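Participant: Numbering of the sequence shown is given in UniProt numbering, commencing with residue 1 and proceeding in unit increments. For each residue, glycine too, the CB sits at the ideal point set by N, CA and C. Only a predicted model underlies this, so the values are computations on that prediction, with no experimental measurement involved. Quick one: the structure is below, questions incoming.
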Amino acid sequence: MTDRAFLVQLDGYGLTTAEICYFMPDHPSLVQIYAWQEYDAAPDFPVLFDFLAHWRREIEAEIRSVRIAHEKMIRPASWRSADGVISWE
Numbered sequence: 001m002t003d004r005a006f007l008v009q010l011d012g013y014g015l016t017t018a019e020i021c022y023f024m025p026d027h028p029s030l031v032q033i034y035a036w037q038e039y040d041a042a043p044d045f046p047v048l049f050d051f052l053a054h055w056r057r058e059i060e061a062e063i064r065s066v067r068i069a070h071e072k073m074i075r076p077a078s079w080r081s082a083d084g085v086i087s088w089e
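Encoded structure:
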């Protein structure tokens, strides 16, 4: 059985992390942070925007800001030379 995370990465998805700052209506001076992480496709982020739409419909908390970090994990390996010699004696 193949891992779901591997399959979605082959489809062009990468690991997306969102930091959602929000506050509850009864405590507007207390800003809270929710960390969300899922595989999503940049730059449109359909999975994240579906989650945020669900949040707005179902949760009473008001979103103040959302910061997004995205890493497309499957890519060609990078190589660079390093000055130095490693020897075993």
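Out of curiosity, what's the CA-to-CA distance linking leucine 30 and isoleucine 20?
Facilitator: The residue labelled residue 30 in the question sits at position 30 within the sequence shown. The residue labelled residue 20 in the question sits at position 20 within the sequence shown. Answer to the nearest angstrom: the Cα atoms are 14 Å apart.
Participant: So if DSSP puts tryptophan 36 in a beta bridge, which residue, or which two residues, is it bridged to?
Facilitator: By 1-based counting over the sequence shown, the position of residue 36 is 36. Note: tryptophan 36 sits in a beta bridge opposite Ala18.
Participant: Tell me the rounded alpha-carbon separation between leucine 15 and proline 25.
Facilitator: Within the sequence shown, numbered from 1, the residue matching residue 15 stands at position 15. Within the sequence shown, numbered from 1, the residue matching residue 25 stands at position 25. Using only the alpha carbons, I get a separation of about 31 Å.
Participant: I'd like the span of the beta strand (DSSP E) that includes histidine 70, first residue to last.
Facilitator: On the sequence shown, position 70 is the one that residue 70 refers to. Run containing histidine 70: 62-71, per the beta strand (DSSP E) assignment.
Participant: With H, G and I counted as helix, E and B as strand and the rest as coil, what does DSSP make of phenylalanine 45?
Facilitator: For the purposes of this step, residue 45 is identified with residue 45 of the sequence shown, where counting begins at 1. Of the three classes helix, strand and coil, the one that applies to phenylalanine 45 here is coil, per DSSP.
Participant: Give me the residue from Trp36, Asp40 and Ile68 with the minimum Cα distance to arginine 55.
Facilitator: Against the sequence shown, residue 55 aligns to sequence position 55. Residue 55 is actually tryptophan in this sequence, not arginine. For the residues Trp36, Asp40 and Ile68, the minimum Cα distance to tryptophan 55 belongs to Trp36.
Participant: When you compare each of Glu62, Val47, Pro28 and Glu60 to alanine 18 by their alpha carbons, which one comes out closest?
Facilitator: To locate residue 18, count along the sequence shown from 1; it is residue 18. It is Val47 whose Cα lies nearest to the Cα of alanine 18.
Participant: Alpha carbon to alpha carbon, how far is isoleucine 59 from glutamine 9? Give it in angstroms, no decimals.
Facilitator: Residue numbering aside, residue 9 sits at position 9 when the sequence shown is read from its first letter. Residue numbering aside, residue 59 sits at position 59 when the sequence shown is read from its first letter. Taking the straight line from one Cα to the other gives about 30 Å.
Participant: Note the first and the last residue of the continuous alpha helix (DSSP H) segment covering valine 8.
Facilitator: To locate residue 8, count along the sequence shown from 1; it is residue 8. Looking at the DSSP string, the run of the alpha helix (DSSP H) that includes valine 8 is 4-10.
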